[in-house]
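Here the structure is laid out as structure tokens; the discussion comes afterwards.
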Amino acid sequence: MVFQRVVGFRALYNGSSREPCASWNLAIRRAADTGAPARVLELYRRMRAENVPPDGHTLPPVIKACAQLRDLSAGTELHRDAAQLGVLPNLIVSNSLISMYSKCGCFDLSNKVFDEMRERNVVSWSSMIGACAQHGRPTMALFLFKKMILERIRPNRPTFLNLIPCVSQVEDADELIRFIVEECLDSDLFIKNAAVLMYSRCGRIGIARRLFDGIENKDLFSWSAMIEAFTNADMFDETLKVLRQMMAQCVDPDYVTVLGIIGACSKSTLSSLRQAKFIHRFVVRHSFEQNLMVGTSLIDMYVKRGSLESARRVFDQMQERNLVTWSTMISGYGMHGKGEDALELFYHMKHFFRPDHIVFVSVLSACSHAGLIEGGWQCFNSMTREFGIVPRAEHYACMVDLLGRAGKLKEAREFIEQMPIKPDSSVWGSLLGACRIHPNVELAGLAARSLFELDSKNPGRYICLSNIYTSLGKIDEANQIRNLMRRRGVKKTDGYSVVEVKNKVYKFVVGDQMNPQSKLIYRELAILMDRIREEGYVPNTNFALHDVEEETKETSLYVHSEKLAIVFGLMNSAPDCDIRIHKNLRVCGDCHTASKFISKVTQRRIVMRDSHRFHHFSNGMCSCGDYW
DNA sequence: CTAGGGTTAG
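Position 389 of the first sequence, counting from 1, maps to 389 under the UniProt record's numbering, and the rest follow consecutively.
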């Protein structure tokens, strides 16, 4: 301390500055204003090295620089300095710490700083709400907002911009809009753009659209927001319309717009491989294909639209690739059941990049889809041994999947019991899924009990368990599960299948009568079912509706959306065309079997994407090897 | 003199 004062005096009298701290502060502020966080930190360290004591004005911009650099250790150092220098408690320093910890990934530390503050202003509350938004805690964000209002703190623009992304219930959205109007912020462009997304998240695409239409000077964010909104609503045609509308207004898309369009095509059930190719051409025409993120999402788009070949072509032509690029391609091979290719690519990748936990999910799930026990174990073990990555629940889930599909249910169970972390719903879900292929009442019950606690709102789990009981002839138990589901107000997701024919996509639900060709479809279907029966197909009525007679069950199987879509595809495409089907749920077991037979008797390839993976049916076989 | 906010690939 004495030494510091001596140096301070020297600085005071050597002509460099009258107020050493103030001049450092000024330099730091200049660096901060020019957007040079590394320089800010460097200046601060030099200031410390020269023993000039920082004050309350020095620290906030430096803490902010740590946040921008995502440099947690520097940020923690600053926090320590603040405490040691006696700067704390200081409202502004604490506010900057909240944001810094959040940006550096430490939500709990943000929360701790916030909790321990004696005095909080609108910035403190807004920053904490922002931290909740960044760390996926929407409920807490809304709670904080209510509390803040109760404490009579007036929200402002940043408060709303932080809170809006947390809203996904229309009641909350409407209430928030009332606050926004009250603060006269409803004409703010940023706020309006965010509101478009908010209503789309609430499932109110109509409101989102009206809000969007009401924005008179739309900027790039507005257009991207609307594109994302239509993507969320799975309205792919509308997404493309927005793009055209945007181009007509002479607004040039940037790479983020393009990412939105590509993502829409990847996610939508109503887009096609043809449209994927159209979008790819659009991307090339606008010279975005060398953008790393754009290239990577093009790979993903082709994977999701069923063309591994095109995906690989994009991958090979990229001038720059990173871990995400490789991971996308690896998981692409996995989704299409090409486990060996995925492994090969993974081994190749290791020459260039150090794998992270997500690449391991890609490669492990590729192994599980392809039934590669040996390769899967090797990868799983190498995670910790070679790369020091601690397996997370999703990695365990892949392993349970891998063991379970292969019929090693006992091992799967033991594996779960030996997990060092608590199994989550993905792990139990894998076990339940395994019991579907290799029926086992005891294990299914075990998995189900945990699942109904952890994930009680997921209709797929109930249906799966009920199907397992049915397949074991335990009709009462199956009905009990259906009743439980009803009592808990869990609604079965309506299944549908989409088939691509030429330029268009056609959607079918079970027993569909909406298609103009319906009569013809059912006639062709009856003929086709007779043909595959001659080939040895036996309907599996476990997958039919309950509480009906056997014969009706069989008929009800015939009208599953998958089969209708396939028949429609067969009827309306050239004999050398693949039939491309997209089912929103998992493909039904009976439809899976039927598809194999259909591919044989018609000598057509059927490419079927379900909610889990791709099935390539050809000549009586499926690429999943019935591991699904 | 200092703090909080928009989209961004697996």
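Heads up, the beta-carbon is just placed ideally off N, CA and C, and yes, glycines get one too.
Just so we're clear, the structure is a prediction, and the values are computed from it rather than from any experiment.
Nearest-angstrom Cα separation, counted from Val40 out to Asp33: Translated into the one-based positions of the first sequence, residue 33 becomes position 33. Translated into the one-based positions of the first sequence, residue 40 becomes position 40. The alpha-carbon of Asp33 is positioned some 10 Å away from that of Val40.
Do Tyr627 and Arg405 have their CB atoms nearer than 8 Å? Taking the first residue of the first sequence as 1, we reach residue 627 at position 627. Taking the first residue of the first sequence as 1, we reach residue 405 at position 405. Yes, Cβ-Cβ distance for Tyr627 and Arg405 is below 8 Å.
Whose C-beta lies closer than 7 Å to the C-beta of Val587 among residues of the same chain, with five residues either side of it excluded? Numbered from its first residue, the first sequence carries residue 587 at position 587. Excluding its 5 nearest sequence neighbours in each direction, Val587 has C-beta neighbours in its own chain below 7 Å: Glu562, Met608, Asp610 and His615, listed in chain order.
Can you check which of these residues, Asn322, His280 and Leu91, is closest to Arg313 by C-alpha distance? Here residue 313 refers to the residue found at position 313 of the first sequence. Here the closest residue by C-alpha is His280.
Residues in the same chain with beta-carbon distance under 7 Å from Phe387, minus the five sequence neighbours each way, listed in chain order, please. On the first sequence, residue 387 is found 387 positions in, with the first residue counted as 1. Arg354 and Pro355.
If you draw a straight line from the alpha carbon of Ala229 to that of Ser200, how long is it in whole angstroms? As a first step, residue 229 must be located in the first sequence, where it is residue number 229. As a first step, residue 200 must be located in the first sequence, where it is residue number 200. For Ala229 and Ser200, the distance between alpha carbons rounds to 5 Å.
I'd like to know if the region 377-387 and the region 417-430 are in contact, where contact means that at least 3 CB-CB pairs between them fall below 8 Å. Below 8 Å, too few C-beta pairs join the region 377-387 and the region 417-430 to call them touching: fewer than three.
Spatial neighbours of Tyr101 within its chain, please: CB distance less than 6 Å, with the 5 preceding and 5 following residues excluded, ordered by chain position. Along the first sequence, one-based indexing puts residue 101 at 101. Excluding residues within five positions, the ones whose Cβ falls inside 6 Å are Leu109 and Ser110.
Report yes if the C-beta of Asn542 is less than 7 Å from at least one heavy atom of the ligand NAD; otherwise report no. Only the bare structure without any ligand can be found here, which leaves the ligand NAD out of the picture.
Contained alpha helix (DSSP H) runs [length at least 4] in the region 372-440, N- to C-terminal order: With a minimum length of 4 residues, the continuous alpha helix (DSSP H) runs that stay inside the region 372-440 are 373-387, 393-405, 409-417 and 425-437.
Kindly give me the distance between the Cβ atoms of Ile373 and Ser497, rounded to whole angstroms, as I take these residues to be in contact under 8 Å. Position 373 of the first sequence, counted from the start, is the residue given in the question as residue 373. Position 497 of the first sequence, counted from the start, is the residue given in the question as residue 497. Separation of the CB atoms of Ile373 and Ser497 is rounded to 32 Å, and the pair is thereby denied contact status at 8 Å.
Taking 8 Å as the limit between beta carbons, can you name the residues of its chain near Lys596, skipping five residues before and five after? Along the first sequence, read from residue 1 onward, the residue named residue 596 stands at position 596. Closer than 8 Å at Cβ, skipping near neighbours: Phe617, Gly620, Met621 and Cys622.
In the structure shown, what three-state DSSP assignment does Cys132 receive? Counting from one through the first sequence, the residue named residue 132 turns up at place 132. Three-state DSSP puts Cys132 in a helix.
Nearest by alpha-carbon distance to Gly56: which of Glu77, Cys21, Ala31 and Ala74 is it? What you label residue 56 is simply residue 56 of the first sequence in a count that begins at 1. The candidate whose alpha carbon is nearest that of Gly56 is Cys21.
With distance defined between alpha-carbon atoms, name the residue in Leu520, Glu535, Thr139 and Lys600 nearest to Ala565. Your numbering for residue 565 matches position 565 in the first sequence. Comparing Cα-Cα distances from Ala565 to each of Leu520, Glu535, Thr139 and Lys600, the minimum goes to Leu520.
Helix, strand or coil for Met608, going by three-state DSSP, please let me know. As a first step, residue 608 must be located in the first sequence, where it is residue number 608. Looking at Met608 - three-state DSSP - the assignment turns out to be strand.
Check whether the Cβ atoms of Gln290 and Gln319 sit closer than 8 Å, and answer yes or no. For this step, residue 290 is matched to residue 290 along the first sequence. For this step, residue 319 is matched to residue 319 along the first sequence. Cβ atoms of Gln290 and Gln319: closer than 8 Å.
Where His351 sits in the DSSP three-state scheme: Residue mapping note: residue 351 aligns to position 351 of the first sequence, counting from 1. The answer is coil: DSSP assigns His351 none of H, G, I, E or B.
Per DSSP, the bridge partner or partners of Glu500: For the purposes of this step, residue 500 is taken as the residue at position 500 of the first sequence. Glu500 is bridged to Val505 and Arg580.
According to DSSP, Cys622 sits in a beta bridge with which residue or residues? Translated into the one-based positions of the first sequence, residue 622 becomes position 622. DSSP output for Cys622 lists Phe617 as bridge partner(s).
Which first and last residues belong to the alpha helix (DSSP H) in which Arg486 is found? Counted from its first residue, the first sequence places residue 486 at position 486. Boundaries of the alpha helix (DSSP H) harbouring Arg486: Ile475 to Arg487, taken from the DSSP string.
In three-state DSSP terms, what is Ser110? By 1-based counting over the first sequence, the position of residue 110 is 110. Note: Ser110 maps to helix in three-state DSSP.
Residue range of the alpha helix (DSSP H) that includes Thr470: The residue you call residue 470 lines up with position 470 of the first sequence. Looking at the DSSP string, the run of the alpha helix (DSSP H) that includes Thr470 is Pro459 to Ser471.
Spatial neighbours of Asp300 within its chain, please: CB distance less than 6 Å, with the 5 preceding and 5 following residues excluded, ordered by chain position. Counted from its first residue, the first sequence places residue 300 at position 300. If we look at Asp300 and ignore the five residues flanking it on each side, its Cβ neighbours are Ser266 and Thr328.
Local conformation of residue 629 per DSSP, three classes: Because the chain is modelled from 1 through 628, residue 629 falls outside the range shown and cannot be assessed.
Beta-carbon proximity of Tyr462 to Leu432, cut-off 8 Å: Looking up residue 462 in the first sequence gives position 462. Looking up residue 432 in the first sequence gives position 432. Taking 8 Å as the Cβ cut-off, Tyr462 and Leu432 do not qualify as a contacting pair.
Where does Arg613 land, buried or exposed, given buried means 16+ other C-beta within 10 angstroms? On the first sequence, residue 613 is found 613 positions in, with the first residue counted as 1. Buried.
Rounded separation between Asp115 and Met128 - CA only: As a working note, residue 115 is residue 115 in the first sequence. As a working note, residue 128 is residue 128 in the first sequence. Near 10 Å, if we compare the C-alpha coordinates of Met128 and Asp115.
Going by Cα to Cα distance, which pick from Met335, Thr602 and Trp24 is closest to Thr58? Sequence index remark: in the first sequence, residue 58 carries index 58 (1-based). With distances taken between Cα atoms, Thr58 lies closest to Trp24.
Using the three-state DSSP reduction, which class does Lys147 fall into: helix, strand or coil? Looking up residue 147 in the first sequence gives position 147. Residue state, collapsed to three classes: helix.
Is the CB-CB distance between Tyr255 and Phe288 below 8 Å? As a first step, residue 255 must be located in the first sequence, where it is residue number 255. As a first step, residue 288 must be located in the first sequence, where it is residue number 288. Yes, Cβ-Cβ distance for Tyr255 and Phe288 is below 8 Å.
Return the first residue and the last residue of the alpha helix (DSSP H) that Val567 is part of. Counted from its first residue, the first sequence places residue 567 at position 567. Segment Ser561 to Asn572, the alpha helix (DSSP H) holding Val567.
Identify, in the order they occur along the chain, each residue of the same chain with its Cβ nearer than 6 Å to the Cβ of Ser268, setting aside the five sequence neighbours on each side. Taking the first sequence and counting its residues from 1, the one referred to as residue 268 is at position 268. Close CB contacts of Ser268 within its chain, under the 6 Å cut and outside five residues either way in sequence, are with Asp234 and Phe236 (chain order).
I'd like to check one pair, Ala195 with Ile164: are the Cβ atoms closer than 8 Å? For the purposes of this step, residue 164 is taken as the residue at position 164 of the first sequence. For the purposes of this step, residue 195 is taken as the residue at position 195 of the first sequence. Yes, the Cβ-Cβ distance between Ile164 and Ala195 is below 8 Å.
Go ahead and pull the three-state DSSP assignment for Tyr627. Here the question's residue 627 lines up with position 627 in the first sequence. Correct three-state label for Tyr627: coil.
On the CB-based measure, 16 or more other CB atoms within 10 Å of its CB, does Thr239 come out buried or exposed? As a first step, residue 239 must be located in the first sequence, where it is residue number 239. Buried, since its Cβ has 16 or more Cβ neighbours within 10 Å.
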